[in-house]
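The numbers in the sequence shown follow full-length UniProt numbering, run straight up by one, and end at 386. Okay, structure first, notes after.
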Amino acid sequence: MAHTGTPPHERPTGELPELRLDLPAVEHNVRTMAAWCRERGVELCPHIKTTMTRPIVERQLAAGAWGVTVATARQAGIALGWGARRIVIANEVVHHHDLTRIRRRLDETPAPELYALIDSAAGLDLARQVMAGASNPLHVLIDIGTPGGRTGVRQPAEARELAEAAHAAPGILLAGVAGYEGVRPNDRAAATLADVDAHCRATVGLFRTLTPLFQTAQPLFSMGGSAFPDRVVHALGELTAQPDRPPVLPVLRSGCYVTHDHGTYAHVSPVPGLRAALTVRAVVLSTPEPGRVVVGAGKRELPYDAGLPVLVSARDPHGVPRPAARATASHIYDHHLVLTDASGLHVGDEVDLGISHPCSAFDRWPDITVIDEAGRADDVWHPRFR
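Structure follows, in structure tokens:
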């Protein structure tokens with residue numbers, strides 16, 4: 001049964017600031033990305049760490065998602081509780097407590113498919129010690145990294161040696177490879193795309209090399225990110241065009257598409273038609289100088305790791321729109337955002353701020369106001385990161 005959020009009598013009563021989620025835009029984005037993937041012959045395993053919000057995840061699964069991606073063993077347990085049965089933990093799992101948690105899930109949950117990344121013999125050995133004898137094996141993907149990047153093997157010889165060890169490990173099932181194409185800044189500059197393409201090609205090449213060692217009928221080729229899924233599809237085309245193509249299940253782990261944004265993904269996403277679904281509504285607290293406005297929302301409420309918010313709209317205290325309002329965010333503090341070059345804004349006005357990088361928004365808010373096509377509050381949803 002779908003989760004419906006907070007009962008009407010328990011909903012907040014217009015307190016500001018608030019995170020607002022445009023439900024029609026979310027549902028449009030879910031359909032749009034599902035269709036984009038179908039048209040290109042790839043599966044979608046959305047990275048739900050973006051939202052960790054059950055009603056959103058249920059919509060992604062209902063639209064045909066192959067499974068879901070998470071960042072931690074804790075999140076994997078939450079996703080299982082929400083009904084997901086294919087889960088990719090897009091991370092190395094080496095802590096004994098986390099491995100024990102996963103082992104318990106594999107023993108207790110009917111036929112789950114749990115995947116985790118590995119990039120070292122040490123990490124594999126820690127997993128093997130806990131997983132040996134499990135009712136269901138832990139599927140592992142060889143994590144292919146890049147020099148100067150995050151996790152992942154750096155050399156083909158390392159990948160081969162690790163794959164051979166995983167192939168022989170009890171309680172472990174070698175299921176494919178994984179990469180992350182967001183290895184450079186999120187822009188579409190030629191140099192960035194060249195780096196992304198090089199990483200995708202290298203991951204494809206290692207997939208071909210390691211195919212004889214994979215232990216599933218359709219090994220996974222999995223890459224993640226909402227900035228460059230088109231480059232992954234392009235690289236996969238080179239793989240599947242070969243007459244001796246190996247069996248492959250291509251799986252994208254994109255996540256931010258589901259809400260899109262007014263910043264980084266608005267500029268870089270190759271998926272046409274996505275709509276920004278997140279705003280933060282706040283009140284103008286002060287206009288201390290001409291052209292300078294202070295808004296009552298800051299680092300506690302607004303993402304700022306990938307650019308400051310943008311002014312989307314404004315209205316007076318009675319709800320009358322201020323179409324001439326203009327301003328640019330320039331400084332952010334714990335609970336204040338400073339707008340400069342401002343005009344048409346007054347103390348007591350309410351402003352809607354568009355954000356950049358939705359992954360840094362949901363974890364700030366225990367309550368999300370869900371709005372309908374007319375902008376009316378319709379429900380309240382609750383992210384669950386813990």
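Yeah, the Cβ is synthetic: ideal placement off N, Cα and C, and Gly gets one too.
- Counting along the chain, the unbroken alpha helix (DSSP H) around V30 starts and ends at 23 to 40.
- According to the DSSP assignment, M223 belongs to the beta strand (DSSP E) that extends over 220 to 224.
- In this structure, the straight-line span from the alpha carbon of L126 to that of F385 is close to 25 angstroms.
- Beyond the five residues adjoining it in sequence on each side, A175 comes within less than 8 angstroms, by CB distance, of Y115, H139, V140, L141, F214, Q215, T216, P219, L220 in the same chain, given in chain order.
- Excluding the 5 residues flanking it on each side, A63 has same chain C-beta neighbours closer than 7 angstroms at V30, R31, A34, in chain order.
- G273 and H28 have their C-alpha atoms spaced approximately 9 angstroms apart.
- Per the coordinates, the alpha-carbon of L249 lies some 8 angstroms from the alpha-carbon of E43.
- In chain order, L252, S254 place their CB closer than 6 angstroms to the CB of P229, counting only its own chain and leaving out the 5 sequence neighbours on each side.
- For T100, the closest alpha carbon among the candidates A282, R74, A324 is that of R74.
- Scanning its chain for C-beta atoms nearer than 6 angstroms, with the 5 sequence neighbours on each side dropped, one finds around D197 the residues R231, in chain order.
- Taking C-beta separations shorter than 7 angstroms and ignoring five residues to either side along the sequence, the partners of V284 in its chain run V293, V295, L345, H346, V347, G348, D349, V351, following chain order.
- For L210, the closest of D195, A178, G224 by C-alpha to C-alpha distance is A178.
- DSSP places T69 in no alpha helix (DSSP H) but in the uninterrupted beta strand (DSSP E) bounded by 68 to 70.
- Residue environment analysis places Y333 among the exposed positions, since fewer than 16 neighbouring C-beta atoms fall within 10 angstroms of its C-beta.
- Contiguous alpha helix (DSSP H) elements confined to the region 45 to 99 occur at 54 to 62, 73 to 81, taking only those with 4 or more residues.
- In the structure shown, D261 falls within a coil segment according to DSSP collapsed to helix, strand and coil.
- When rounded, the separation of the alpha-carbon atoms in D372 and D378 is 6 angstroms.
- In the three-state reduction of the DSSP assignment, S356 falls in the coil class, being assigned neither a helical nor a strand state.
- Counting C-beta atoms within 10 angstroms of its own C-beta, P24 has fewer than 16 neighbours from the protein chains shown and is therefore classed as exposed.
- The Cβ atoms of A306 and S360 sit closer than 9 angstroms to each other.
- Rounded to whole angstroms, the separation of the alpha carbons of H199 and E181 is 7 angstroms.
- For the options D316, V233, L337, the alpha carbon positioned closest to that of L302 is the one of L337.
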